[in-house]
Amino acid sequence: MYSGYLLLMMSLYAMLFDNDEFEKPGSIKFTWDPLFWGMGTEVFEYDNRSLQDVILKGVEGNGWLGVCCEPNLVFVVIAVRYYDIREGTKLVAEMTQKYSEAWDKKGMVQPDGMYADWLMLKQDVTIPPRDVPYGAMPLRQIGFTAWANAFLHAWNPSLVRPLFDAQSKGHFTRINNQYHAHPDGFANPFGHLVRTQNADPTSKIPQLTPIANPFPPTYTYGVLTQWLSELPGKAEILPDLLASADTHLNPTWERSGLYYPRQDEQLPDTADTGITYMNPFSGNAPMGYARLNVPNGQNIMYTSPWTKEDLAKRPYVDGVMELII
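Using mature numbering (1 follows the signal peptide of the UniProt record, and there is no 0), the letters of the sequence shown map in sequence onto residues -16 to -1, 1 to 309.
If you want it as structure tokens, here you go:
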């Protein structure tokens, strides 16, 4: 996962600013220097091309299903697209085709509309298994699916958009003209009632029974907003979620930056009105991303990336940070 993020950041930087800083050999250096174990200091040097080569070899070696901790291959695919634009190669077309074919065979989309959470390569098993009835395994976490969709939409909107209604059942509700996002422990049984008993998705369900021993809260809020910010036609939901965060999650400004401080627990008796848990990842990154993104943001960059010729025709703007600070 980290390598995918890193490759995307370097590729975006090169594409947006026509800057080859991270395309030079050795421009990225990792120093591994543990204090009490290991074999002494080790230094690993990469650049955009060499890191991409390592990742693509891993993808191919795994039958085009992905590499370790690379959810839905989304970061790597987007990054390879930008590399193609700068270098004139055509790697991404073959890659997306083989990836889609490989996951079609495995069954990425589950019966409830969400994506498989995990793939155990050696055992050739997806988690959760497709034939396990509701309640037989720990509850599904929307975080994996929402996180994947935020970037998967860049190159595969025809998969992402039609699945929204099925994936979001129980996770978003509209009560008193206000949209709310709910933690997994509430959303899973809520969505199950909507799907199987035609329950009203806009009502507070009195027969809802809490999940026994639910997973601890996750980074759900951040990736939900990130997902919504990318999808066209969802502009009515995202502002309510961000407004709720501003009301209940202690928005804080520090050095000209907005973030939501850490909150380790889902407060009692709040599951039906919203998520109150906040982790550092959500509070610092995805929610800020959601405020800055535009509908189809990643998709626009993927389908119409800036080329060197485009940037050569545009004025150069400098000193922006001095004006902000």
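Even glycine gets a Cβ: it sits at the ideal position worked out from N, Cα and C.
In this structure, Y244 keeps its C-beta atom at 9 Å or more from the C-beta atom of T202. Assignment of beta strand (DSSP E) within the region 211 to 287, counting only whole runs of 3 or more residues, yields 236 to 238, 241 to 243 in chain order. Pairing G(-13) with V38 gives a Cβ-Cβ distance that is not under 9 Å. Take V278, set aside five residues on each side of it, and no residue of its chain has a beta-carbon closer than 6 Å to its own. Look at the beta carbons and you see the region 142 to 156 not touching the region 231 to 240: under three pairs across the two are nearer than 8 Å. Sorting L(-5), T180, V76, G241 by C-alpha distance to the C-alpha of P95 places T180 at the top.
Listed in chain order, the non-local C-beta contacts of L147 below 6 Å within the same chain comprise G97, local neighbours out to five positions each way being set aside.
Exclusion of the five residues before and after T25 leaves D17 as the residues of its chain whose Cβ lies within less than 6 Å of its Cβ.
Residue state for V51 is assigned as coil, using DSSP reduced to three classes. Non-local beta-carbon contacts of S(-6) in its own chain, meaning distances under 7 Å to residues more than five positions away in sequence, involve N32, A63, Y66, Y67 in chain order.
Taking 9 Å as the cut-off, the Cβ atoms of D168 and G206 do not count as close. The DSSP-derived three-state label of M92 is coil. When rounded, the separation of the alpha-carbon atoms in K297 and F1 is 13 Å. Exposure of E29 is indicated by the presence of fewer than 16 other C-beta atoms within 10 angstroms of its C-beta. Taking each of L136, G303, I221, D248 in turn and checking the Cα distance to R275, the smallest one comes out for I221.
If you check the CB distance, V76 and W139 come in under 9 Å.
With a beta-carbon spacing of about 4 Å, A183 and L177 fall inside the 8 Å limit used to define contacts.
In the DSSP assignment, Q151 falls outside any beta strand (DSSP E) and lies within the alpha helix (DSSP H) extending over 148 to 152. Cβ-Cβ separation between L35 and L(-9): approximately 11 Å, too far for a contact (criterion under 8 Å). Proximity to T204 across K74, G10, Q125, L212 peaks at Q125, based on C-alpha coordinates. In this structure, the CA atom of F14 is about 16 Å from the CA atom of E7. Under DSSP, the beta-bridge partners assigned to A165 are F156. Assignment of V43 by DSSP, reduced to helix, strand and coil, places it in the helix class.
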